[in-house]
Ligand code: HEM
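In the working numbering, the protein residues as written are 92 to 526.
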């Protein structure tokens with residue numbers, strides 16, 4: 092049965108559910124409240140549930156791990172972009188409009204544009220960035236240690252590290268990086284002017300990157316060979332040479348791709364750094380010590396800790412991947428899905444599916460299945476920067492636990508304010524004391 096044909100009387104919860112990181116008006120958080128937790132509403136749901144969205148459309152909300160993997164991976168059944176006859180699932184409220192980035196493309200166009208980055212972020216080659224990530228992390232942590240005053244994590248560590256690294260990888264001059272921070276916030280804005288903010292960010296980024304990529308294309312021989320922008324420009328130029336009829340479209344897609352790599356490359360990982368620290372400093376193990384102290388004693392657990400923290404901490408406000416649309420009549424967990432239906436993979440809930448993760452609410456830094464989480468999505472749109480994000484998160488935890496074992500929160504956990512200006516979930520400010 093198609094969504095629209097379902098009887099009106101059947102229960103259709105509204106999605107997204109109330110955010111746990113934003114207090115309901117007039118209701119102070121109790122000491123056990125977890126702002127990084129998921130809404131209790133999921134407890135009532137089956138693996139696939141019909142929900143209504145804030146723009147009036149309905150969708151199938153998929154909460155099972157195996158079922159989310161199907162939605163994310165199977166391009167023969169579920170796609171991102173516009174399908175003739177159906178409105179595009181991109182930009183349906185409350186989700187941000189991702190067009191015309193990689194995240195809204197499908198099939199051949201998606202593979203072509205994603206391929207412009209070559210293997211720059213592949214797991215097998217990412218280690219070449221480790222010395223650069225380590226040097227910058229050490230410098231920032233040393234600066235933090237040099238003051239006896241509390242420091243703010245986003246400003247002192249998360250943002251300069253992640254923006255600095257993606258800027259260096261791409262070849263964006265340091266003085267231009269703050270502008271990308273502004274564009275990122277506009278692109279992912281949740282404010283009343285979000286549509287205007289979003290299109291302003293796209294126009295300005297396209298103008299900036301159009302010039303930067305255009306210059307490299309015009310003089311490829313003298314462009315810095317180690318910068319990712321140069322190889323993106325070279326691959327785009329080669330494609331245009333072979334397909335002159337696609338020149339305009341390829342240029343448009345290329346400049347937005349290059350710009351979106353910079354914005355995707357920093358705030359998500361900066362958010363993870365702050366949220367990870369919040370969780371590590373506020374949760375305790377069986378022996379009563381914080382999880383942070385446990386990592387100081389057991390640094391060999393950091394790689395699995397990164398996966399467990401990714402698994403249990405939502406990075407996006409809506410706890411889900413971008414909506415997909417079914418392109419054939421199909422089913423998920425026995426629930427019929429009609430061609431044209433919207434389907435939303437609730438990846439953060441899937442990351443707590445007990446069929447995949449035993450005792451799923453427990454953070455277990457020795458869990459064998461930890462890396463099966465869907466925190467980086469899956470299938471053709473799996474996060475391009477996941478290996479870089481993993482590298483940065485590992486280096487940050489290694490360096491902090493080694494250099495600052497006494498690190499603690501400066502403000503009580505219930506006084507931490509959470510970001511609502513963009514769709515990224517993170518503490519708006521996280522003040523810590525290192526010494
Ligand atoms: C902890 C940090 C990060 C998290 C949690 C994260 C999460 C995600 C998720 C869930 C998706 C898939 C969304 C969907 O299918 O609807 C995605 C896609 C993407 N991410 Fe990340 N990401 C992170 C870091 C990064 C970094 C460092 C970069 C760039 C270097 C990056 C670049 C991208 C790009 C380009 C896509 C789109 C891929 C495509 O559509 O083919 N991300 N990310």
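By construction, the Cβ of each residue, glycine as well, lies at the ideal position given by its N, Cα and C atoms.
Below 8 Å between beta carbons: does that hold for residue i and residue j?
i	j	result
residue 355	residue 250	no
residue 311	residue 393	no
residue 478	residue 217	yes
residue 166	residue 206	no
residue 158	residue 142	no
residue 472	residue 279	no
residue 465	residue 485	no
residue 281	residue 480	no
residue 257	residue 353	yes
residue 523	residue 232	no
residue 517	residue 366	yes
residue 193	residue 262	no
residue 495	residue 456	no
residue 236	residue 521	no
residue 483	residue 224	yes
residue 153	residue 436	yes
residue 304	residue 345	yes
residue 125	residue 111	yes
residue 444	residue 156	yes
residue 446	residue 129	no
residue 324	residue 308	yes
For residue i, which of helix, strand or coil comes out of DSSP?
i	result
residue 242	strand
residue 526	coil
residue 139	strand
residue 104	coil
residue 153	strand
residue 419	coil
residue 400	helix
residue 232	helix
residue 177	strand
residue 437	coil
residue 331	helix
residue 204	helix
residue 226	helix
residue 478	helix
residue 394	helix
residue 513	strand
residue 122	coil
residue 170	strand
residue 504	helix
residue 471	helix
residue 412	coil
residue 213	coil
residue 131	helix
residue 115	coil
residue 459	coil
residue 519	coil
residue 96	Residue placement at residue 96 is poorly supported in this model, since its pLDDT is 47, which falls under 50; the coordinates still yield a value, given next. Correct three-state label for residue 96: helix.
residue 314	coil
Where do the N-terminal and C-terminal ends of the alpha helix (DSSP H) with residue i fall, by residue?
i	result
residue 388	382 to 388
residue 357	338 to 373
residue 496	Element bounds for residue 496: n/a, residue is neither H nor E.
residue 187	Segment: none, residue 187 is in no alpha helix (DSSP H) and carries neither H nor E.
residue 274	268 to 278
residue 217	No alpha helix (DSSP H) contains residue 217, which DSSP labels as neither H nor E.
residue 297	285 to 309
residue 253	250 to 261
Quick one: measure Cβ to Cβ for residue i and residue j, integer angstroms, because I've assumed they're closer than 8 Å.
i	j	result
residue 434	residue 414	7 Å
residue 369	residue 127	7 Å
residue 347	residue 293	7 Å
residue 408	residue 432	The pair is not a contact, with the Cβ atoms about 23 Å apart (cut-off 8 Å).
residue 212	residue 401	With a Cβ gap of about 16 Å, residue 212 and residue 401 do not count as contacting.
residue 363	residue 297	Between residue 297 and residue 363 the Cβ distance is about 28 Å, and since that is not below 8 Å, they are no contact.
residue 438	residue 468	7 Å
residue 148	residue 183	6 Å
residue 383	residue 252	Not confirmed; about 18 Å, so no contact.
Return the first residue and the last residue of the beta strand (DSSP E) that residue i is part of.
i	result
residue 427	426 to 428
Does the beta carbon of residue i come closer than 8 Å to any beta carbon on chain D?
i	result
residue 330	No chain D is part of this structure, which consists of one protein chain only.
Under the criterion of a Cβ to heavy atom distance below 7 Å, does residue i qualify as lining ligand 3?
i	result
residue 355	Ligands present in the displayed structure are limited to ligand 1, and ligand 3 is not among them.
Inter-stretch contact (C-beta, 8 Å, three-pair minimum) for the region 501 to 509 and the region 272 to 290 | no
contact_flag[the region 381 to 390, the region 312 to 322] where n(CB pairs < 8 Å) is 3 or more | no
Do the region 185 to 193 and the region 284 to 300 make contact, defined as three or more Cβ pairs closer than 8 Å?
-> yes
Kindly confirm or deny that the region 368 to 380 and the region 329 to 337 touch, where touching means at least three C-beta pairs closer than 8 Å.
-> no
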